[in-house]
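Below: the structure, in structure tokens.
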Amino acid sequence: MDALRPSAVLLLSCALLAGASYVRRLDVFSAGPLAESAAPSRLSCAAWCNRTSGCVGFTFTGGGQCQLFNQVYSSAADTSAMMSVGYSRPSTSPCPTGWFPFRDRCFFRGAFDTEQIWDAHRAACQSLGEQSDLAVPNDMQESSWLLYHPSRSADSEFTGVKLEAGAFTGPDGAAVSFQLPMAPSPHDPGYVNMRYKHLTDYNARNLVRAELRYICEAPYKCQLMSPCPADWLFVDDYCYHYVPTAMAWQAADDHCAGLQPGARLSPIINMETFKLVYYSLGLASSTWTGISDTEVEGTWKSVDGSNSSFVVVRYEDFSVNVAASVPALMEFVGLQYHPRVRDFVKTHTTFSKGGVSRYLLTHC
């Protein structure tokens, strides 16, 4: 199924109750109900949804039947196999305006007009709200978000990590168990920063070094309601899942489509997001993407209709000796981040080592 970005809400009526509100929508669907029972009224149905863990929407029929749903999706091109959901909770962001959600936290990238020392950067983060502080990556996924998310600047950015006697600590001195990938010969002691020009490791500046930019973190202000199924990664409104089983491209796309309503083989929207998914999910060196030129040779389209901002280039353009291949389907090969190869892709028609499935998340 093709997944579209959420359309404007058509608000017809509301059922307002303590603890939750629901809006009438014509663009929300579900693969099936969580529960179903008779109910005397629409408000009773809404109250049942409030009391039911995981419920995010309901339908109240003219015959007095109440259906509860725990996952809802925006309109897709093909909704024939899905059920319409009458009422759903309004979509809300778990983060303040200008912040980016990832897993259970919000991240904010800020900057001063003039270079400031680490303490000033931390104070700037703490001024943004309760529990806000300089960001500390705790594992590979969070580190990948900091390093590869499209919001990253080309300038260096302070984090909340300090390197001292070879060990990492957070801004309050708590030990950081994740071993950040570090550049050679960092200052010790020093404050850890992401390096300039999108280099894919960290460095440690001396304790009096000043910088312009910093990155903050804070917990969600509201809890996402089942943003993705188990084993799926949530990044910028989409859920991603890696399938390591080798299969042909069309079989990979068909397999992805069967995993979740609206899921397809994931295209490369931009190289930054792909790198984030690539390192977070531990992809193989060669992984299918959801882009092909099977309709019109040389005209590349994503399978879900989304836009992709990159240019297809061949290995030959970089004087790499590879066997000639038919440009029918695309396979991305992981390379170190560099402007010269940021949009580097390879075309071939053999089997690959699995693929990444993606579908659009439309409800918080």
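Count the sequence shown with mature numbering (1 follows the signal peptide of the UniProt record, and there is no 0) and you get residues -20 to -1, 1 to 344, in order.
Heads up, the beta-carbon is just placed ideally off N, CA and C, and yes, glycines get one too.
Given a cut-off of 7 Å on the beta-carbon distance, is the pair residue i and residue j in contact?
| i | j | result |
| --- | --- | --- |
| Ala190 | Pro166 | no |
| Thr39 | Gly12 | no |
| Asp128 | Glu252 | Reading off the sequence, residue 128 comes out as Tyr, not Asp. In this structure, Glu252 lies closer than 7 Å to Tyr128 by Cβ. |
| Glu137 | Met174 | yes |
| Pro151 | Arg193 | no |
| Trp125 | Leu256 | yes |
| Gly44 | Ala18 | yes |
| Trp268 | Trp229 | yes |
| Glu16 | Gln47 | yes |
| Asp113 | Gly140 | yes |
Can you tell which of the options has the C-alpha that lies nearest to the C-alpha of residue i?
| i | options | result |
| --- | --- | --- |
| Thr32 | Leu14, Thr139 and Asp233 | Leu14 |
| Cys35 | Phe49, Phe254, Ile195 and Cys25 | Phe49 |
| Gly242 | Gly262, Tyr220 and Lys255 | Tyr220 |
| Gly153 | Pro164, Tyr171 and Glu110 | Tyr171 |
| Val188 | Arg132, Tyr182, Tyr258 and Asp168 | Asp168 |
| Thr77 | Thr94, Gly109, Ala27 and Gln47 | Gly109 |
| Ala104 | Gly90, Arg22 and Val116 | Gly90 |
| Tyr258 | Ser21, Ala115 and Tyr222 | Tyr222 |
| Gln121 | Gly262, Val156, Ala226 and Ala100 | Gly262 |
| Ala155 | Ser266, Thr180 and Val116 | Val116 |
Distance check for residue j and residue i, CA to CA, integer angstroms please.
| i | j | result |
| --- | --- | --- |
| Arg69 | Ile249 | 28 Å |
| Phe88 | Asn118 | 17 Å |
| Cys86 | Glu197 | 5 Å |
| Leu143 | Ser260 | 24 Å |
| Ser206 | Asp216 | Residue confidence for Ser206 is low, a pLDDT of 45 falling below 50, so the modelled location carries little weight and cannot support an answer. |
| Arg244 | Tyr2 | 29 Å |
| Asn30 | Thr149 | 41 Å |
| Trp212 | Ser131 | 22 Å |
| Phe254 | Ser157 | 26 Å |
| Met62 | Gln240 | 12 Å |
| Ala232 | Thr274 | 15 Å |
| Gly238 | Gly146 | 47 Å |
| Pro224 | Asp234 | 15 Å |
| Met227 | Ala100 | 52 Å |
| Pro164 | Tyr218 | 35 Å |
Using 10 angstroms around the beta-carbon of residue i, count the other beta-carbons present and answer buried if the total reaches 16, otherwise exposed.
| i | result |
| --- | --- |
| His343 | Below a pLDDT of 50, predicted positions are generally treated as unreliable, and His343, at 29, falls in that range; the measurement from the model is reported next regardless. Its Cβ being crowded by 16 or more others within 10 Å, His343 is buried. |
| Val276 | exposed |
| Ser123 | buried |
| Phe298 | Caution is warranted here: a pLDDT of 40 is assigned to Phe298, below 50, making its placement in the model unreliable, and the coordinate value is therefore given only provisionally. Per the 10 Å Cβ criterion, exposed. |
| Ala27 | buried |
| Pro81 | buried |
Could you name the residues of the same chain whose beta carbon sits closer than 7 Å to that of residue i, not counting the 5 residues immediately before and after it, in chain order?
| i | result |
| --- | --- |
| Ser282 | Pro247, Gly270, Ile271 and Ser288 |
| Trp98 | Phe138 and Tyr171 |
| Asp135 | Tyr176, Leu192 and Arg193 |
| Ala210 | none |
Within a Cβ cutoff of 8 Å, which residues of the same chain sit near residue i, ignoring the five residues on either side of it in sequence?
| i | result |
| --- | --- |
| Pro199 | Asp84, Arg85, Cys86 and Gln111 |
| Lys201 | Pro74, Cys75, Pro76 and Cys86 |
Between residue i and the rest of its own chain, which residues show a CB-CB distance below 6 Å, the 5 nearest in sequence each way excluded?
| i | result |
| --- | --- |
| Phe92 | Leu192 |
| Ser107 | none |
| Val8 | Val52, Val65 and Ser68 |
| Asn186 | His167 and Gly170 |
| Cys25 | Ala19, Phe38, Phe40 and Cys46 |
| Ser133 | Arg193 |
| Cys236 | Ala243, Arg244, Leu245 and Ser337 |
| Gln159 | none |
Does any C-beta atom of chain B lie closer than 7 Å to the C-beta of residue i?
| i | result |
| --- | --- |
| Asp119 | Judged by its chain identifiers, the structure shown contains no chain B, having just a single protein chain. |
With hydrogens ignored, establish whether the beta-carbon of residue i is closer than 6 Å to any heavy atom of the ligand GDP.
| i | result |
| --- | --- |
| Trp98 | Questions concerning the ligand GDP fall outside what the structure shown contains, since it holds no ligand whatsoever. |
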